[in-house]
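Position 533 of the first sequence, counting from 1, maps to 533 under my numbering, and the rest follow consecutively.
Glycine included, each C-beta is placed from N, C-alpha and C at the ideal position.
Quick caveat, the model's predicted, so the values are computed rather than measured.
Accompanying notes for the structure given below.
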Amino acid sequence: MESLYRPEGIEERWQRTWEEEGLYAAEPDPSRERFVVAHPPPNVTGELHMGHALQLALADTLVRWQRMQGKNVLFQPGYDHAGISTQNVVEKELAKEGKTRHDLGREAFEARVWEWLRLYGRTIMSQFRRMGASLDYRRERFTMDDDYVRAVMHFFVHLYAKGWIYRDNRIINWCPFHMTSLSDLELVHRDVDDVLTYVRYPVADGDGQVTIATVRLATIVGDVAVAVHPEDDRYRDLVGKEVVVPYVERRVSIIADERVERDFGTGALKVTPGHDPIDFAIGRDHGLPEPMVIGPDGRMNEEAGDLAGLTQEEAGERILAWIREHGQLEKRENYRHAVALCERCESRIEPLISLQWWCAMDDLKQPALEALRERRVRYHPESQHRFAIESLESAPDWNISRQLWWGHQLPVWYCANGHVTVAESDPDACAECGSTELNREEDVLDTWFSAALWPFATLGWPDQTPDLEAFYPGTLNTTAREIIRLWENRMILAGLEMMGDIPFEDVIIHSTVLAPDGRRMSKSLGTGIDPVEVIDKYGTDATRYGLLKMSSTQDVRFSYGVIEEGRKLTNKLWNASRLLLSGDVDEVAARPKALEEHWILARLEAVRQELEQNLQEFSFAPAVGALYRLTFDDFCDWYAEAIKPQLYAGDADTRATALAALERLLKLLHPVMPHVTEEIWSYLPSRQSRLIVAPWPSAEPVDVTVGPDALDRVQAAAAAYRRSGALVELEGEERRIFEAVVRPQGEPNGNADAEIERLRKEVARAEGMLGNERFVSSAPADVVEGEREKLARYRRELDALGG
RNA sequence: GGGCGCAUAGCUCAGCGGGAGAGCGCCCGCUUCACACGCGGGAGGUCCCUGGUUCGAUCCCAGGUGCGCCCACCA
1 MESLYRPEGI EERWQRTWEE EGLYAAEPDP SRERFVVAHP PPNVTGELHM GHALQLALAD
61 TLVRWQRMQG KNVLFQPGYD HAGISTQNVV EKELAKEGKT RHDLGREAFE ARVWEWLRLY
121 GRTIMSQFRR MGASLDYRRE RFTMDDDYVR AVMHFFVHLY AKGWIYRDNR IINWCPFHMT
181 SLSDLELVHR DVDDVLTYVR YPVADGDGQV TIATVRLATI VGDVAVAVHP EDDRYRDLVG
241 KEVVVPYVER RVSIIADERV ERDFGTGALK VTPGHDPIDF AIGRDHGLPE PMVIGPDGRM
301 NEEAGDLAGL TQEEAGERIL AWIREHGQLE KRENYRHAVA LCERCESRIE PLISLQWWCA
361 MDDLKQPALE ALRERRVRYH PESQHRFAIE SLESAPDWNI SRQLWWGHQL PVWYCANGHV
421 TVAESDPDAC AECGSTELNR EEDVLDTWFS AALWPFATLG WPDQTPDLEA FYPGTLNTTA
481 REIIRLWENR MILAGLEMMG DIPFEDVIIH STVLAPDGRR MSKSLGTGID PVEVIDKYGT
541 DATRYGLLKM SSTQDVRFSY GVIEEGRKLT NKLWNASRLL LSGDVDEVAA RPKALEEHWI
601 LARLEAVRQE LEQNLQEFSF APAVGALYRL TFDDFCDWYA EAIKPQLYAG DADTRATALA
661 ALERLLKLLH PVMPHVTEEI WSYLPSRQSR LIVAPWPSAE PVDVTVGPDA LDRVQAAAAA
721 YRRSGALVEL EGEERRIFEA VVRPQGEPNG NADAEIERLR KEVARAEGML GNERFVSSAP
781 ADVVEGEREK LARYRRELDA LGG
């Protein structure tokens with residue numbers, strides 16, 4: 001064993017060994033309690049990023065801990081086909097060849113996606129392995145697997161039969177690049193500099209005018225009304241009258257609607273139902289026509305008359321010129337506001353009316369809301385639980401159709417007579433008229449529609465498989481904040497609807513890892529840090545440690561310092577075991593006799609409890625902090641130093657006990673740092689199995705006759721001596737330990753006077769507090785008692801120093 | 001505009017009613033037979049501001065300031 005721990009080969013070797021020996025494998029076993037984590041399936045085209053790395057570190061730590069506790073663990077891996085995202089990647093490939101998907105046609109394009117995936121996709125699991133993630137890789141699932149597709153169709157047909165899936169013409173978010181609708185959750189908003197134009201609409205049959213403000217002049221030709229707030233005194237008399245829309249010179253009514261903001265612009269809103277969500281809602285309620293003047297390509301269409309074929313910008317300029325000529329321009333002002341963009345291509349979203357498939361949420365979400373309110377499913381931290389409930393309560397009907405080619409095609413067929421047939425597999429004839437001329441709906445489903453089934457479709461559902469029986473409902477899920485509405489909530493409602501039970505009990509919403517400068521990690525900003533590079537440099541164990549240590553707050557800045565801390569911990573542990581494992585090693589048995597031996601076993605037990613408490617509460621940062629202090633301060637700096645004389649003297653009991661202590665330390669560290677601990681474990685003569693499946697220490701009761709505070713006096717004396725040369729008198733075992741640990745460090749710096757001075761100040765402080773009657777009478781008894789004990793100890797130490 | 005969160009040592013962050021802490025960085029001393037990627041010691045802080053509660057507030061409450069993330073149909 002060399003003195004520097006080198007993780008490279010060791011980590012890779014254990015990852016291979018664990019997997020080959022089947023130690024990640026999960027099989028149904030009703031005799032054991034289960035622990036099931038359906039890990040979020042990454043995009044099939046994806047690469048490991050810091051969010052994945054943190055997610056894996058958190059989940060795998062819990063998984064390994066539970067496995068050591070003897071639970072039947074299923075840690076489920078797999079991929080998501082990620083509709084629009086994957087299609088985007090392959091279309092970019094095609095673009096390099098100067099082709100579009102339309103050049104290939106749908107079938108050839110789909111074949112091309114599969115081919116691309118065969119060559120370049122599904123590579124992320126090897127990176128998951130490098131994170132040490134103990135997923136049952138034999139069970140890898142893909143949301144486009146035949147069985148999974150069957151599950152998705154079953155889900156759709158079920159919801160349709162209940163009347164919860166319907167088709168309707170509504171305003172939707174249209175991406176003119178991808179030529180598809182998008183849900184609200186697939187948009188990003190960004191501030192842009194725009195111009196707000198104030199345009200006068202003359203009142204027909206009379207004097208006066210109404211001025212409206214708009215940033216989209218081109219949509220004027222689609223205006224069907226002007227709306228004002230019903231309680232706006234400025235316009236009260238005009239409601240019911242008509243105004244003339246500029247350029248098209250069409251007469252439209254002035255209507256009253258509460259959705260109009262009185263404070264914005266002039267308080268008058270031009271109503272364009274075809275191209276604005278609010279206008280659409282107002283239009284529907286007032287029974288207005290819904291002309292669309294912008295086509296799916298983002299250009300003006302035939303409805304726009306002589307503007308047809310122009311871009312919106314060009315059309316806007318023509319209209320502006322017309323308005324100027326007619327003296328109807330009031331003013332133009334710069335205006336910065338947020339616009340909606342496609343999250344994949346950042347094209348500006350066109351709101352337009354389109355015939356789409358929808359999933360009604362009102363009934364579907366009720367059981368999920370109940371489960372959340374009753375806390376049968378719990379989000380952590382608590383603030384996210386409230387957010388999850390609120391966002392589910394307000395969830396609108398879900399646009400589930402996408403005009404893409406990559407995804408689950410809707411199981412819907414149209415016959416020549418216009419009837420709709422919905423079936424799990426290709427129907428021979430129309431369910432209504434028997435027509436055999438059937439055309440399948442071309443749209444595919446929103447990726448999240450299939451993802452909602454992940455916890456049970458991965459187990460063979462809709463078939464009643466042994467796996468489904470054994471591993472549903474699951475236990476835990478981990479995810480990022482922005483995924484709550486897209487995925488977590490939908491898994492809960494799908495699980496309750498189809499399985500009659502929740503998919504998991506706890507959801508950990510983990511931190512967002514920001515770049516070291518506090519900005520978002522993103523490739524486009526150049527602020528991303530590749531976890532694989534971090535692993536290459538520091539090792540997987542150190543990276544896991546660092547990520548866990550960072551994970552305490554909602555948003556964390558990535559810090560190499562914390563990863564480095566983890567690396568030092570692996571190195572320290574490595575060297576401590578070199579000390580304890582050198583020489584003749586033949587026995588591992590806790591036979592504590594000396595004070596420090598009892599003490600370290602008590603410390604290990606105390607930290608075991610602290611660790612369990614922290615992990616149960618998903619408080620990872622305090623957990624790894626406790627492990628660090630245990631290893632460095634307690635195990636190495638005190639215990640190992642204290643036993644050195646006996647160790648060098650060849651005392652068999654000391655060594656056997658030391659190895660037993662090391663064994664327990666390795667077990668506590670293993671969930672966080674699996675590789676270095678398994679490597680050291682392999683040198684222990686007593687080992688009967690791999691550390692990964694060794695029993696958690698709680699199964700081995702330790703005789704704790706000496707408390708964790710047994711070395712307090714020695715440690716205080718050592719601190720005083722090192723700080724000032726003050727020699728507190730110690731006797732017997734305490735003196736022996738003091739000399740073993742402290743003396744080799746050389747002579748102290750200062751002199752005893754400084755220590756005496758410090759102790760006097762402490763005595764004065766404690767006396768002051770205990771002399772305060774309000775404190776003694778109102779503070780908790782244990783606090784007062786604690787102060788008394790401190791005072792007594794300070795006085796004793798002062799006496800010992802002759803102060 | 002809404003929600004959530006954060007402001008503590010030069011940096012990254014713990015602590016969250018009774019002594020202000022860790023890691024890194026910095027300074028000093030140590031080639032001590034596990035580790036110099038180490039050991040020991042040290043310097044360094046109106047615990048963001050203003051009020052309130054309390055015998056006592058970095059910690060609880062209210063308000064303010066600054067920052068971050070998520071969400072959002074004021075055209």
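Residues that DSSP places opposite residue i in a beta bridge
i	result
cysteine 636	Cysteine 636 pairs with nothing; no bridge assigned.
isoleucine 737	In DSSP, isoleucine 737 forms no bridge with anything.
glutamine 356	Asp168
cysteine 430	Its beta-bridge partners do not exist; DSSP assigns none.
glutamine 76	Ala38
tryptophan 398	Cys359
glutamate 350	Trp174
histidine 380	Ile508
tryptophan 413	Thr421 and Arg440
aspartate 555	Thr512
phenylalanine 142	Tyr79
Residues near residue i in its chain [Cβ-Cβ closer than 6 Å; skip 5 each side]
i	result
glycine 807	Nothing about residue 807 can be reported from this structure: the residues present for the chain run from 1 to 803 only.
lysine 761	none
alanine 431	Thr421
glycine 767	Here residue 767 is glutamate; the residue named in the question, glycine, does not match the sequence. There are no such residues.
proline 531	Leu48, Met50 and Ala53
arginine 336	Asp191 and Asp193
threonine 512	Asp555
For residue i, the nearest candidate out of the options (CA to CA)
i	options	result
valine 244	Val203, Gly132, Thr677 and Leu647	Val203
proline 42	Asn72, Glu11, Gln69 and Ser85	Ser85
threonine 143	Asp586, Trp65, Asp799 and Phe449	Phe449
threonine 211	Ala779, Tyr198, Thr219 and Ala218	Tyr198
tryptophan 322	Arg200, Arg122 and Ile737	Arg200
aspartate 584	Leu727, Tyr683, Tyr794 and Glu505	Tyr683
threonine 654	Leu801, Lys667, Leu581 and Asp634	Leu581
threonine 540	Ala26, Trp114 and Gly132	Gly132
methionine 68	Arg690, Phe504, Pro28 and Arg796	Arg690
aspartate 712	Ile282, Phe738 and Trp696	Phe738
proline 455	Pro246, Leu410 and Ala151	Ala151
glycine 407	Val149, Lys71 and Trp599	Val149
histidine 675	Arg13, Glu2 and Ser3	Arg13
valine 271	Leu569, Val728 and Ala227	Ala227
alanine 623	Thr17, Arg608 and Leu369	Arg608
CB of residue i within 8 Å of CB of residue j, strictly
i	j	result
glycine 222	glycine 274	yes
glycine 83	valine 444	yes
glutamate 110	tryptophan 405	yes
glutamate 663	valine 588	yes
threonine 475	phenylalanine 35	yes
serine 724	alanine 752	yes
tyrosine 24	tyrosine 137	yes
valine 37	alanine 59	yes
arginine 481	isoleucine 509	yes
threonine 61	leucine 669	no
Own chain residues within Cβ distance below 8 Å of residue i, not counting five before or after
i	result
histidine 189	Ala338, Val339, Ala340 and Leu341
alanine 371	Val377, Ile492, Leu496 and Ile502
glycine 460	Asp147, Asp467 and Leu468
glycine 305	Val221 and Val248
Same chain only: Cβ atoms within 7 Å of residue i, ignoring 5 sequence neighbours per side
i	result
glutamine 403	Met179, Thr180, Ser181 and Asp443
alanine 800	Val728 and Glu729
arginine 348	Val339 and Leu341
| Which runs of the alpha helix (DSSP H) spanning at least 4 residues fall entirely within the region 640–710, listed in chain order? | List check, alpha helix (DSSP H) in window: 641–648, 652–669 and 674–681.
| request: Enumerate, from N- to C-terminal direction, the unbroken alpha helix (DSSP H) stretches of 4 or more residues contained entirely within the region 81–134. | output: Considered as a whole, the region 81–134 harbours 83–96, 101–104, 106–120 and 124–130 as its complete alpha helix (DSSP H) runs of no fewer than 4 residues, in chain order.
| Which whole runs of the alpha helix (DSSP H) in the region 7–70 are 4 residues long or more, in chain order? | Counting only runs of 4 or more, we get 7–20 and 50–68.
| request: Can you check the region 187–271 for any beta strand (DSSP E) of at least 3 residues that lies completely inside it and give the ranges in chain order? | output: Contiguous beta strand (DSSP E) elements confined to the region 187–271 occur at 187–202, 209–214, 225–228, 242–245, 250–256 and 268–271, taking only those with 3 or more residues.
| Whole alpha helix (DSSP H) runs in the region 456–522 with 4 or more residues, listed along the chain? | Inside the region 456–522, DSSP marks whole alpha helix (DSSP H) runs of 4 or more residues at positions 466–471 and 489–498, from first to last along the chain.
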